[in-house]
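Worksheet: the structure to be examined is printed underneath.
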Amino acid sequence: MTAAGTYTPRPGAAPLPRMIAAQAALETRMLLRNGEQLLLTVVIPALLLVLFSTVDVVDTGAGKPVDFLAPGVLALAVMSTAFTGQAIATGFERRYGVLKRLASSPLPRWALMTAKTAAVLVTEILQVILLTVIAFALGWSPHGDPAAVLLLLVLGTAAFSGLGLLMAGTLKAEATLAAANLVFLLLLVGGGVIVPLAKFGAAQQVLELLPISALSGGLRDVLQHGAGMPWGDLGILAVWAVVGLAAAGRFFRWE
Amino acid sequence: MRSEPVVQVRGLVKRYGTKTAVDGLDLVAGAGVTAVLGPNGAGKTTTVETCEGYRRPDGGTVRVLGLDPVREAAALRPRIGVMLQSGGVYSGARAGEMLRHVARLHAHPLDVDALSERLGLGSCGRTSYRRLSGGQQQRLALAMAVVGRPELVFLDEPTAGLDPQARRATWDLIRDLRADGVSVVLTTHHMDEAEQLADDVAIIDGGRVIAQGSPEALCRGGAENTLRFGGRPGLDVGALLKALPADCTAAEPTPGGYRITGKIDPQLLATVTSWCAQHGVMPDRISVERHTLEDVFLELTGRELRS
């Protein structure tokens, strides 16, 4: 059936860059193939942007609604991929023994996490391109320093990844699924994405400390009002990132 | 074949909370196929997963290919192949895609298409994992364990839930791996699997190895063999026993059905038939039962069902 010598041992790990590239490509395909994930990461942000920019149901203050909404929806896109999507996907990978199986492959754990981060970033780039095109079609006129926007997006991704992985690595997959969606919904409403935080009265000062508020607020300051580096919001995101990633590193369980 | 052991476990202890899963286990596996046999909950999976580097021993030492599976995991992982008892694949991944991916993590992988074909996975390469049958999922996991051309593969119940054809295909692959110099450590609770495949069998119960050796040696050394014949009911069993060597037993468990245990050799057979001839008995349905590994296993681990 099979020629003798076919299975003669010839072990060896592939070069690290090739392993990480292969893992990142697979993780990205898994993210983009999943229908529920796409609903969360693409359909919902795009729909919200179009709906609230064209129908006047939320008072978004002075100026065009899209100028207020586009930064909020970009923040939402980051949260949907780095937090909700990553938490749910990783939770089920843990449940189905994928993380366990990969742990005995030549791929080091840190390389797996690097590949996951790369997959999140690739997905976010696709989201940002799509949402930017839609926003421009709706008459968006952004301002500000692209470097500040990039820094906000990167720190936001780090903060939400830490929280998502913490959830995925400590809760059961079903609990992660429920909790990640609930948190997504609550932060969508109470995180300055569509509804200005000023509408929440006294709660505003607490809500401003949420990572989603810092990201949407920071992006809005820069893109809508042309502000300089939003150090306050970057600081809040940095604290969430450090705390979230450290807790995930400490408490993450692979099985 | 190499003489140095591929797996060397000494005094392994592993506890989960207050429960001791493995209790001072010693196991040496050389080149070839080693079967770890035992009832459910005996500690098979814990032992194998400790060798794979998943669990940190609470006591004792484990060396796999001369390496510590926890501290020297980075050096060990590329050299071993692992088949978990279940799962291990992204539920949305296609069978071929996942196998190709694992191949890409290795420097000199097997030909993915040939391996898929060999294991009967050729037609389901584009089927997502969650839509594969249980048997196809098992064979994919087996393919993932061998695709990196490891020196040693660990297979945790590789044929659980397989139909007879798939089971044969798995056995054939394991035989080919062995012939090409790959060492195999597999767990099973199918005696025939151990008997068919293994050079060496370790029987585990209660977290310890209670017997180890080649299937032949275990069968020889364990239970005695049995000779059965039918005849007129009510023969004088005591008189028959006097004609037999000292360590035999003779009984009539059912009327007209006789059973002799002991060392069953041509001499003994001749003694029995001549005794029958002297007593005018025509013995029929004479059968000699060789003890199987199953008998040895049940004798060692007890016959009662355990929950």
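Protein chains in written order, with this note's numbering: chain A, 1 to 255; chain B, 1001 to 1307.
Positions of the beta carbon are idealized from the N, C-alpha and C atoms, including for glycine.
The model shown is predicted, which means the values in this text are computed figures rather than measured ones.
- The CB of aspartate 1176 of chain B comes closer than 9 Å to the CB of Met1, Thr2, Ala4, Thr6 and Tyr7 in chain A, given here in chain order.
- Annotated three-state conformation of glutamine 86 of chain A is helix, per DSSP.
- Secondary structure note for glutamine 1196 of chain B: its alpha helix (DSSP H) is the uninterrupted segment 1191-1197.
- The residue from B/Leu1037, B/Val1062, B/Thr1018 and B/Leu1235 with its alpha-carbon nearest to that of glutamate 1195 of chain B is B/Leu1037.
- Rounded to the nearest whole angstrom, the CA to CA distance from leucine 1241 of chain B to proline 9 of chain A is 57 Å.
- Identification of residues in the segment 1005-1035 of chain B having a C-beta nearer than 8 Å to some C-beta of chain A yields an empty set.
- Within the segment 1242-1299 of chain B, the beta strand (DSSP E) runs of at least 3 residues that lie entirely inside it are, in chain order, 1249-1254, 1257-1262 and 1284-1289.
- Secondary structure note for alanine 246 of chain A: it is in no beta strand (DSSP E), and the uninterrupted alpha helix (DSSP H) holding it is 231-251.
- Secondary structure in the segment 1043-1088 of chain B: the alpha helix (DSSP H) runs of 4 residues or longer, each lying completely within the stretch, are 1044-1051 and 1073-1076 in chain order.
- Taking C-alpha positions only, leucine 1076 of chain B is separated from histidine 1190 of chain B by approximately 29 Å.
- Below 8 Å, too few C-beta pairs join the segment 51-71 of chain A and the segment 14-27 of chain A to call them touching: fewer than three.
- Sequence-distant partners of arginine 1232 of chain B (beyond 5 residues in either direction) whose C-beta falls short of 7 Å from its own C-beta, in its chain, are Gly1256 and Val1281.
- Per the C-alpha coordinates, the member of A/Leu209, A/Ala247, A/Val128 and A/Thr132 positioned closest to glycine 169 of chain A is A/Ala247.
- Per DSSP, the continuous beta strand (DSSP E) segment holding valine 1028 of chain B begins and ends at 1019-1029.
- Within the model, the alpha-carbon separation for aspartate 56 of chain A versus glycine 63 of chain A is close to 13 Å.
- For leucine 126 of chain A, there are no C-beta contacts with chain B under 8 Å, since the nearest C-beta of that chain is about 18 Å from it.
- Counting only unbroken stretches of 4 or more residues, the alpha helix (DSSP H) elements lying wholly within the segment 1134-1218 of chain B are 1134-1146, 1164-1179 and 1191-1197, in sequence order.
- Residue state for glycine 1230 of chain B is assigned as strand, using DSSP reduced to three classes.
- As the crow flies, the alpha-carbon of glycine 1030 of chain B is around 33 Å from that of glycine 1262 of chain B.
- Taking a 10 Å sphere around the C-beta of histidine 225 of chain A, we find fewer than 16 other C-beta atoms and assign the residue as exposed.
- Under DSSP, leucine 1037 of chain B shares a beta bridge with B/Thr1188 and B/Ile1203.
- If you compare the alpha carbons of A/Leu197, A/Leu223 and A/Ala202 with that of serine 213 of chain A, the shortest gap goes to A/Leu197.
- For leucine 49 of chain A and glycine 35 of chain A, the gap between their C-alpha atoms comes out near 20 Å.
- Close CB contacts of histidine 1108 of chain B within its chain, under the 7 Å cut and outside five residues either way in sequence, are with Arg1149 (chain order).
- For alanine 1093 of chain B and alanine 179 of chain A, the gap between their C-alpha atoms comes out near 25 Å.
- DSSP, reduced to helix, strand and coil, places arginine 1104 of chain B within a helical segment of the structure shown.
- Going by beta carbons, leucine 155 of chain A and leucine 234 of chain A fall inside the 7 Å limit.
- Looking at the backbone, the Cα of proline 211 of chain A and that of alanine 1021 of chain B are separated by about 44 Å.
- The beta carbon of arginine 1208 of chain B sits closer than 7 Å to those of Asp1023, Gly1024 and Leu1025, all from its chain and outside the five residues before and after it, given in chain order.
- Here leucine 209 of chain A is exposed. Its C-beta has fewer than 16 other C-beta atoms within 10 Å.
- Under the 10 Å beta carbon count, glutamine 1278 of chain B is surrounded by fewer than 16 other beta carbons and is classified as exposed.
- DSSP places glutamine 1008 of chain B in the strand class (E or B) of the three-state scheme.
- Sequence-distant partners of valine 1112 of chain B (beyond 5 residues in either direction) whose C-beta falls short of 6 Å from its own C-beta, in its chain, are Leu1099, Arg1100 and Ala1103.
- Contact between the segment 1008-1016 of chain B and the segment 1046-1064 of chain B is present: 3 or more CB-CB pairs across the two stretches fall below 8 Å.
- The closest CA to that of alanine 77 of chain A, considering only A/Arg109, A/Leu40 and A/Leu207, is found on A/Leu40.
- Taking C-beta separations shorter than 6 Å and ignoring five residues to either side along the sequence, the partners of alanine 1251 of chain B in its chain run Arg1259, following chain order.
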